[in-house]
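Report on the following structure.
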Amino acid sequence: MKADGYWVAESTYPCRRQLGLQLQPSISNPAAPPQLRASNHLHSYYAAKPRAMVLPRMASESYNNLCYSIYERLYSQLERKDEERYRFAPAGTAQGVLHHDILMRFFQSLLSPGLTAIDEFGLSEEGLVRRIEERQLHDFLAILVFATCRVQAARIFTIQLVAGDQWPVISSAGNEFHALPAGRGELLELFLDDIVTVDKFLATQACFCPVVIQKREEVSVTSLEENRLPYVAEKLLSQGSFGMVYKVKIARGHFYDPESETVNPDYMEIARKDYRISEDAHIEHEIMGKILNSSSWACKNIVENYGSLHISPTTYSLFMPLAICDLMAYMREIRKTKPGDVIEKTKIIKSAIGLAAGLNFLHNKLKTSDEEDLVCYHMDLKPDNILIFRETNNNDTNYIWKISDFGMARVKLRNRHHNSESERDFNSWFVQHKKTQDHSSLATLNRRGEGTYLAPESISAMPSMNTKSDVWSLGCVISVVFTYLEEGGEGVARYQDARLKENHVDGIDRFFLRGSRFTSSKVLPIIRKWHSGLIDKAKQRDYKESRAVKFILSYLEKSVFEVNQAKRDGVNAVEEALRETFRKYKELEAARDDGPEKRVRRPKPLRWYSSDPQVERWNLSPSEAFKGCAISPDGSLVAYWTDDKISLYTSESIRFQNLRTGSKYSLETKYNSTRGDFQCYIFKLEGGGLVDYNLGRCYKVSLPRSEISKLAISPDNKDLVCILHNKNDPQSTSTLIRAPIDELMQIEEKHQKYPIQGALVNEFAADQCDTTMEDPWWLGKLDWPGTDIAQFLFSTPSDIYLVVRPELSARSIEHKIPIVHIDLRTKRLDTLIIGSLGVDSIPSSTLFTTFAPFRKQAATCAVVTREKQLHIQNLMGNESSPAIQNRINNYRVLKLMMGWHDEKMFALGSPPASHKMLLLEMTIPRSGTDKIYVKELAQLPGLSCDDEFVEMLSDDKSEQRHVLIATLAGANQCAIYRVPIFAS
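In UniProt numbering, the protein residues as written are 1 to 984.
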């Protein structure tokens, strides 16, 4: 039916009078036609006609076309767009897409033929756009478009929320219509009970309502049906008794700092710990809020509160900075080698002082935002809950230890006005997870009474733990740290094994022996014996250092490891004892700096001989500590590097009194960052009889590809094989590409010839931004992130191997290490899984030791596990080459090198219970019954099995075959060894 230029559609909508709407003439926009003027409430005109709804003529097709275009633009800006359940529009997306010109076109698309915006809405297009911006309705409109709502819904939105003068527009229930996320009742009222439009809107709005995390504040979300979480990526790091820890990447604009009134301008990686909330926990919630908003953030040794998110009714997330690792992972896995000198030890002791200061703050200096005193007992202090952060000041890098994970804590609130104290469990607000049992001997169950570092009173049936309980735990941590200072990560493991062996009563790793048959608990006897061993070892090296070690360990035995709480020192005394130890170590530093060797400044000898005259060693004296080193495949060149400099050492370097650098190159901290993420330096080493090799000719190649994670150069120097990963999601699977080095250098030459968006961009950017099967460089996808590849090397110009390490936090009943062979000619990938035999009692990171590929037998390699077990296997499953497993007797093998023609193996290792390093020659067993014969070729003086080093066997064309070793034996203690190998 047609009347007065409008279409009249029959409707079965209920009378608005039944909904309580006032039927009164509109006075808000007198310029609009009477039937379109908005009242203080919605649609009084429509409500007056209970059986009919008046709608304008259908809009032109331009509305649908424009909405399709807007949808495409919005979709392109979504994060996690391929995951419908998690996709979201980052803050500012709607404002960016719905800019002035788009909004002008949008309102024009709503007009009926022959009518202007003033005719239909009472405002010009410019006026409507201005209203959108003033009222911040971009997100509401974006939801309408993305939900593909009909033009009628868009007109109602324009009439009621944009064109009306009264703002905000209030529903009959007293709620604002435009507030997001919108409720079903308000939407039904706004869109005249149009259920289809309302359902589509509700199904879409969460995508445009992502959570914004607020620093040191709690954000509450009613349901994830209405809001999306702002995580671009997330990865599980660990699981405790009360929560699970994730590394999450926050989208741009979704971390708000109320103090500075700023948001994160770029992606931000932080840690998130998720808890499940128990019922009837209102008081605990209030106490938790007091802690999170307390003065704890003012102490640099307590992990800062980055805010919290309460997803009603049962989920609670805490946010905190992302650490490098925890203290246990640092000692046992990340940096297993013991500190190389007094300076490094002094820095670690300084970090331990900070740990004591953080605990002191929790016990004695914590206040609520209302200036009430809080006393917090951590109750679960252990290396796993001590996070390590890097801090750089004036080019000096320090590591800050911070106390984290308050899931087991108790809180005592002192109310000065009422002269009363109340104590609450922090964890009573949370539901305990059922943890998968960890069969590792490192397992520290996170229930009171069963933790390695918990005090003797933890096993009491009566509540008796207090601040002195944390002091016991701190003493245990200090004892382990000084074990690490003397013996490295392996010493920490042996210390643990010694405690377990002695604690035969219940087989739990603790620092005390549980009392039985009416005898009290006592300090584990092995503790004192172990400490004596550490003191003796320090005494053999330096008497003054042994006095410092004896001071702190004796203090722990007398004043901290005291079963009677009342006799145990407080945290203030422990902190002061650590400060005194720190002063003693600083005196050691000063004494060594002022020693005769510094005053005389004698140059180091060119060559240093041991009892074996064939072993040559040259010491390096760098101006700053090197971070790594590498040896060329033929064993003729050695490169050391820092963060910003490469130093090259060649045969010419050793002709001078002091071993000097043959060539240096200063790396730019950032180059051509706008050109791509694939960035590498290629040096064309030129030299000859008159001129030595140098780093003078460099190609700096940058392409619009993914970031390089690992790379290797073929032995014939023709190909560069790279593992690429997505910098926005480093934990995603990686890609393998093979790039001819000549092509890479040509690319850089073209860029130098056409530096301004010339041939390089046109030729490479369009078709090589993504590595796909159509890419001529593409080799294939790997099942592992690039960050998990531990070793990556060529054996021949067409054969390459990689070793995958398990994640540091991963624990499983059976440990497995994949070793992968790739044939570059056929792009065939073969994988060998090295697994432990049954249940392991030590971490998976120690399962794999070293491997060496055969040179003449395709896809065959020798692998050493547990430093003792030799595996020889063909990765292609060749039945003519059955797997061989033999034990290496009387030696620990740390590095393995295959002989020139697969006739023998060479290894770097040490005898049992010894740290001296030997060069060994080993026979290759041809069956599982063949015995492995080991011959000592030379001892490497000054090199320890705890040191970092790389090794290379010279090629078979060398005038004299040899092994070259480049070492990083602690700070500024670098050396190059050369050991000739004679025919046997």
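Don't be surprised by glycine CBs; every beta carbon is placed ideally from N, CA and C.
query, result
"Status (buried if at least 16 other CB within 10 Å, exposed otherwise) for D370", "exposed"
"Span of the alpha helix (DSSP H) around D139", "H138 to F146"
"DSSP state of D799 mapped onto helix, strand, coil", "strand"
"N264 (DSSP reduced to helix, strand or coil)", "coil"
"Cβ contact (3+ pairs, closer than 8 Å) linking the region 939-953 and the region 915-927", "yes"
"Minimum C-alpha distance to W778 - residue among A566, I723 and I682", "I723"
"Whole-number beta carbon distance between E575 and K537, since they are thought to touch under 8 Å", "Actually they are not in contact, since the Cβ atoms of K537 and E575 sit about 26 Å apart, beyond 8 Å."
"Same chain only: Cβ atoms within 6 Å of Q791, ignoring 5 sequence neighbours per side", "V803"
"Neighbour-count burial assignment, A975, 16 or more Cβ in a 10 Å radius", "buried"
"Cβ distance (whole Å) where L908 is taken to contact K895 below 8 Å", "4 Å"
"K670 to T967 span [Cα, whole Å]", "No answer about K670 holds up, because its pLDDT of 49 lies below 50 and its placement is not dependable."
"Beta-carbon proximity of W784 to S734, cut-off 8 Å", "yes"
"Which listed residue (P90, K336, M331 and Q731) has its alpha carbon closest to that of L229", "P90"
"Selection from V477, C325 and L327 that minimises the alpha carbon distance to V560", "V477"
"Three-way DSSP call (helix, strand, coil) for W530 in this model", "helix"
"Bounding residues of the alpha helix (DSSP H) (the contiguous stretch that carries V97)", "T93 to V97"
"Helix, strand or coil at P980 according to DSSP, with G and I counted as helix", "strand"
"Own chain residues within Cβ distance below 8 Å of L322, not counting five before or after", "K247, E269, I270 and A271"
"Contacting residues, own chain, Cβ-Cβ under 7 Å from E225 (five flanking each side not counted)", "A206"
"C-alpha distance - R828 paired with P704, whole-angstrom precision", "27 Å"
"8 Å Cβ cutoff met for Y231 and R252", "no"
"C-alpha gap between P740 and I526, whole angstroms", "60 Å"
"Completely contained alpha helix (DSSP H) runs for the region 114-201, where each covers 4 or more residues", "117-121, 125-135, 138-146, 151-157 and 184-190"
"Other residues of its chain near Y585: CB distance less than 7 Å, five sequence neighbours each side excluded", "V342, K345, T346, I349 and A548"
"Where I872 sits in the DSSP three-state scheme", "strand"
"C-alpha gap between N889 and A455, whole angstroms", "42 Å"
"Under 8 Å between C-beta atoms of G786 and K710", "yes"
"Nearest neighbour of Y891, chosen from V864, M898 and A233 [CA to CA]", "V864"
"Residue from F512, R887 and L870 whose Cα sits closest to the Cα of M897", "L870"
"For N301 and A357, believed in contact at Cβ under 8 Å, the rounded distance", "5 Å"
"Nearest-angstrom Cβ-Cβ length linking D274 and D326, presumed shorter than 8 Å", "In fact, because the Cβ distance is near 18 Å, the residues do not count as touching under 8 Å."
"Residue of F982, V211 and P853 minimising C-alpha distance to H821", "P853"
"T825 in three-state terms, based on DSSP", "The question names Thr, yet the displayed sequence has Arg at residue 825. Here R825 sits in coil by DSSP."
"Run of the beta strand (DSSP E) containing M244, from where it starts to where it stops", "M244 to I250"
"Cβ-based burial, G5 [other Cβ within 10 Å; buried from 16]", "Unreliable placement is indicated for G5, whose pLDDT of 35 sits below 50; no coordinate value is reported for it."
"Test item: CB-CB of L480 and K522 under 8 Å", "For the record, residue 480 in the displayed sequence is Val; it is not Leu. Taking 8 Å as the Cβ cut-off, V480 and K522 do not qualify as a contacting pair."
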